[in-house]
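Going by my numbering, the letters in the sequence shown line up with residues -18 to 432, in that order. All residues carry an ideal CB built from backbone N, CA and C; glycine is no exception.
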Amino acid sequence: MAIADHVDFNRFMEGVKRRNPHQTEFVQAVQEVAEDIFDFIEDKEEYHSEQILRRISEPDRVVSFRVCWEDDNGSIRVQRGWRVQNNNAIGPYKGGLRFHPSVNESVLKFLAFEQTFKNALTGLPMGGGKGGSNFNPKGKSTREIMRFCQSFMTELYRHIGPDTDVPAGDIGVGAREIGYMFGQYKRITNEFSGVLTGKGLEFGGSLIRPEATGYGAVYFLADMLATKDADLSGKTAVISGSGNVATHAAEKIGQLGGKVLTLSDSGGFIHDPDGIDQEKLDWVKHHKTHRRGRISEYVDEFSGATFHEGKRPWNVECDVALPCATQNELMGEDARALVKNGCMAVSEGANMPTDLEGVHVFKDAKILFAPGKAANAGGVAVSGLEMSQNSERRPWSEDELQKMLRDIMHGIHQRCLTYGDHGGGYTDYVKGANIAGFKKVADAMLAFGVV
Ligand code: NDP
Ligand code: 2IT
-18 MAIADHVDFN RFMEGVKRRN PHQTEFVQAV QEVAEDIFDF IEDKEEYHSE
32 QILRRISEPD RVVSFRVCWE DDNGSIRVQR GWRVQNNNAI GPYKGGLRFH
82 PSVNESVLKF LAFEQTFKNA LTGLPMGGGK GGSNFNPKGK STREIMRFCQ
132 SFMTELYRHI GPDTDVPAGD IGVGAREIGY MFGQYKRITN EFSGVLTGKG
182 LEFGGSLIRP EATGYGAVYF LADMLATKDA DLSGKTAVIS GSGNVATHAA
232 EKIGQLGGKV LTLSDSGGFI HDPDGIDQEK LDWVKHHKTH RRGRISEYVD
282 EFSGATFHEG KRPWNVECDV ALPCATQNEL MGEDARALVK NGCMAVSEGA
332 NMPTDLEGVH VFKDAKILFA PGKAANAGGV AVSGLEMSQN SERRPWSEDE
382 LQKMLRDIMH GIHQRCLTYG DHGGGYTDYV KGANIAGFKK VADAMLAFGV
432 V
């Protein structure tokens, strides 16, 4: 960056911090994007004079609401719900719903901001949004989950619609929760439409949506490795998380000849030096989704594996790493450990799992590093394809969808190369993704004038 840009950048970030006090995750996400965008727009007067970055960094709207529900003991519980509609310049707001006690306005604003660039990168017409609640699904009965979802949708429904805003799942929101919310939306509006994605196959869901995020993150990883004439065959992989994204990433690594050594949850990680093969993964999926169990129980089932309570897996030696749990789960020191142990590529299945220091460690080491907004876009991309199928009122075949997912991930990789190629064989994928995503949204905003 030129000196003048440094001054502008610092002033811009001071403004973001001042306007969003205590919203550390949101400020972090904006800074990661702004670091690259200031360079890119240096000689592009229109983006400056029209204040595009300033406008993208202010959500179109943040809706916050009360969600009351009754637990199995008859006690009244009160939660907070949100929908952050960040930007709809290139399509209806689109993005997941997260149910987790850590959810707050900062977390959802960061996710909606990231989603805006991610969705643009897919090449599909989708704007960026995110929502959720600080509701904790852990330990709740199925009926409690149902009552909460119904109450949440009873307020949310007035803010969404198939051409307005189309939510989906995220942490704590899977097929079961989408089913309850879709049922309630349909009941309130008397309308059967593609208002949510990630639906069951029986009522408008798309094949391969559950697999798409994890598979996509591995396709992106394979594309990065291919630029170094390498592939996943025989490579060891360290993965965090044991939910939707982590288990499907692990599955695809195995299919492409790699060996997955770890999975985790908020209690710690398991290390299985023999590799977590398909049979073991099927057990994990069933254990986590149907029994709502903990990953620690893996070691009672499979000998040779160890559980590391309260720890993350980044010190385990590996060729490739995929953080697939949550934000800020891979910090500077973890990034240094991975680089020191010879890890050659990192693909973010989660959103913003690497903190700013970690991102700079990977960039400085010039390893292959795919940011979430590029690597995990396969999920929302297939959500976009689910919207198309709903509009067309015709489901597509698995083969068609698999091919489309692959093509979309190749396309994102290509866009990152276009804007992130630093010459000398190094691609800054963070920069590539930020600029490619920004440019599409920014150019649409320019066309609309000052709105
Ligand atoms: P799930 O709810 O299916 O799984 C989440 C996993 O992450 C669980 O293993 C959970 O452990 C762990 N986890 C969640 N919060 C924390 C935390 N604070 N500390 C440690 N571990 C935690 O969610 P998904 O797999 O769908 O989402 C994982 C990540 O991928 C998120 O960042 C999400 O935003 C991102 N993502 C998801 C997409 C999707 O299509 N689902 C698309 C793109 C990105 P525990 O069971 O102990 O809570
Ligand atoms: O972070 C994400 O991209 C998601 N949780 C999926 C969003 C979607 O609309 O499918």
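Between the segment 58 to 75 and the segment 154 to 166 there are fewer than three C-beta pairs closer than 8 Å, too few to call the two in contact.
The continuous beta strand (DSSP E) containing tryptophan 63 extends over residues 57 to 68.
Selection Met333, Ile71, Val320, Leu427 evaluated against asparagine 309 yields Met333 as nearest (Cα-Cα).
Going by DSSP, glutamate 86 is part of the alpha helix (DSSP H) stretching over 86 to 102.
Aspartate 210 and cysteine 299 have their C-alpha atoms spaced approximately 18 Å apart. Contiguous beta strand (DSSP E) elements confined to the segment 230 to 275 occur at 240 to 246, 249 to 252, taking only those with 3 or more residues. The beta carbons of glycine 405 and lysine 412 sit no closer together than 9 Å.
Taking the Cβ atoms as the reference, histidine 252 lies roughly 5 Å from threonine 243, within the contact range of under 8 Å. Contact annotation: cysteine 324 and valine 226 have beta-carbon atoms that are not nearer than 9 Å. Taking a C-beta distance under 9 Å as the contact criterion, serine 372 and serine 187 do not qualify as a contact pair. The bridge partners DSSP lists for lysine 111 are Val65. In this model, serine 132 and serine 30 are separated by some 44 Å (Cα to Cα). Annotation for alanine 318: Trp295, Asn296 place their beta carbon closer than 6 Å to its own, counting only its chain and skipping 5 residues before and after.
For phenylalanine 19, the enclosing alpha helix (DSSP H) begins and ends at 5 to 22. Using a Cβ distance threshold of 9 Å, leucine 349 and glutamate 27 do not count as a contacting pair. In the DSSP secondary-structure assignment, glutamate 51 is bridged to Ile57. In its chain, beyond the 5 residues on either side, Ser187, Leu188, Ile189, Val363, Leu366 have a beta carbon closer than 8 Å to the beta carbon of leucine 382.
A check of alpha carbon separations from threonine 170 across Thr194, Cys397, Met134 identifies Met134 as the nearest.
Distances between the C-beta of alanine 331 and the heavy atoms of the ligand NDP include at least one below 8 Å. Between phenylalanine 201 and methionine 385, the gap from beta carbon to beta carbon reaches 9 Å or more. Separation of the CB atoms of valine 48 and glycine 62 is rounded to 5 Å, and the pair is thereby assigned contact status at 8 Å. For glycine 76, the secondary structure class from DSSP, reduced to helix, strand or coil, is strand. Scanning its chain for C-beta atoms nearer than 8 Å, with the 5 sequence neighbours on each side dropped, one finds around histidine 394 the residues Phe201, Asp204, Met205, Ala355, in chain order. With a cut-off of 8 Å, the C-beta of isoleucine 22 is classified as distant from the ligand NDP, since no heavy atom of the ligand falls inside that distance.
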